[in-house]
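Student: The numbering of the sequence shown is my numbering, which starts it at 4 and goes up by one. We put the beta carbon where it would ideally sit given N, CA and C, even for glycine. Values in this document were obtained by computation on a predicted structure and should not be read as measured data.
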Amino acid sequence: RVPDAVLSGLLEGARDRVALERRLTRLPGLYHVVARLSGETWIRGTASGLRRIYHAPHTEAGTIASDRPAVLAHLTGAPLDDGALALRMLDFLPHPLSRRVLWRGVHETGAGYGLALPAAAPGTATAPGPREYRWWEPPPAELSLAKGARGVGDAVAASVRAHVGGLDRISCELSGGMDSTSLTFAARATGPQALSLLTVAARDRYSEDETWARRAVEEAANRSTPEAPAPDHHVIPADRAPYFYADLAATAAELNDEPLPVAPGRARAHLLLSAAHATGSRYHLTGYGGDELFLGLPHAYQDLFHGNPFTAWNHLSGLRHQLGWPLLPTVKALLDRSAFPRWIAGAV
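(1) Which partner residues of His237 appear in the DSSP bridge assignment?
(2) Bridge partners for His110 per DSSP, in chain order?
(3) Extract the residue ranges of the beta strand (DSSP E) inside the stretch 61-86, only unbroken runs of 3 or more that lie entirely within it.
(4) What are the uninterrupted segments assigned as beta strand (DSSP E) that are 3 or more residues long and contained completely in the stretch 168-212, given in chain order?
(5) Could you say which of Ser227, Gly283, Leu275 and Pro31 lies nearest to Asp171 if we only look at CA atoms?
(6) Taking all protein chains shown into account, decide if Tyr57 is buried (16 or more other Cβ within 10 angstroms of its Cβ) or exposed.
(7) Quick check: the Cα distance between Phe297 and Glu63, rounded to an integer number of angstroms?
(8) Using only the alpha-carbon positions, how far apart do Pro99 and Ala149 sit?
(9) When DSSP labels each residue in this structure, what does Arg285 get in the three-state scheme?
(10) Taking only three categories from DSSP, how would you classify Glu140?
(11) Since I believe Thr228 is in contact with Ala216 (beta carbons under 8 Å), could you give me their beta-carbon distance rounded to a whole number of angstroms?
(12) Look at the alpha carbon of Leu337 and the alpha carbon of Tyr291, and state the distance between them as a whole number of angstroms.
(13) May I have the straight-line CA-CA distance separating Gly32 from Ser199, to the nearest angstrom?
(14) Using the Cα positions of Leu307 and Lys335, report the straight-line distance between them to the nearest angstrom.
(15) On a CA-only basis, which of Ala50, Arg18 and Leu177 is nearest Ser41? Give me that one, please.
(16) Should Ala269 be labelled buried (16 or more other beta-carbon atoms within 10 Å of its own) or exposed?
(17) Taking Cβ positions, are Leu120 and Leu288 nearer each other than 8 Å?
(18) Which term fits Pro240, buried or exposed, when burial requires 16 or more other beta carbons within 10 angstroms of its beta carbon?
(19) According to DSSP, what are the bridge partners of Arg47?
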């Protein structure tokens, strides 16, 4: 939650949605926004889709909204959508199928879109229905790669500072990868009295993750100061770490919004969170999803291929070997210039 004093200073003078959005761009971190302006309730999540908004019609309350579709389904008695559930069996669910909620009558507001709930007009009992509007669009590609990288780093640092700044004890999962390592140093820069880093040792003796995690800890220790002491590094032995799919049946009674792709690692995540709690941590950071933000999208290489075929094929070949794609189907897809609606109609 953003402190009231910060919000008051930030939003003072905003009289419409455009002015409000302009001020909110100065607020780092990940939040839901709920505002009421000119008789209209306005709700939005984040441009990345990490904070989401769902809505559904209710017989007594009109339109209701939540960040949990399962809650809306419970309140409205919405039945399960078997087709949407079957789609979740796919490893990757393309747009717009990814927005199909598992309950009939419950709708997702798209990432980068807000939900407007107008009030009833004077003299009428029924309010107009909800509507979506776009509040974010990708900025123009005007920065060099180096400047863009610095901008991303500054944004990550500001977001971490907004969430953990001022806390005395925090913890980070340090896997040794680029995502968790970056968050570790961003967290250290906020100056906590105690920073606990948690690493799970690998069962595979050829894995380099633990090596890189220890190097990161050494680097952080070398930079320690009285204001930013060296972090505490806790390495969990490999034989204590649960295997993937361990204790999966424990999720059967949980009210989840959909089959979770991270469910196979649930027991492992619980182990790390328990270890973080034991250190007295007041906030735990992980790098989950960080790598995925910067992976090249395969369909982008299709566009690049017609202008720079050698570069496109070089990048796509690496992705093909990583994902195990056969050569001929990959080439066929690369040369296919079908429009998106036609492609998706033939793919599902």
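Tutor: In brief:
(1) Leu201
(2) His58
(3) 65-69
(4) 172-176 and 197-203
(5) Gly283
(6) buried
(7) 45 Å
(8) 33 Å
(9) coil
(10) coil
(11) That belief does not hold up - the Cβ atoms of Ala216 and Thr228 are roughly 22 Å apart, past 8 Å.
(12) 30 Å
(13) 22 Å
(14) 15 Å
(15) Arg18
(16) As written in the sequence, residue 269 is Arg, which differs from the Ala given in the question. Classification for Arg269: buried.
(17) no
(18) exposed
(19) Val36 and Gly117
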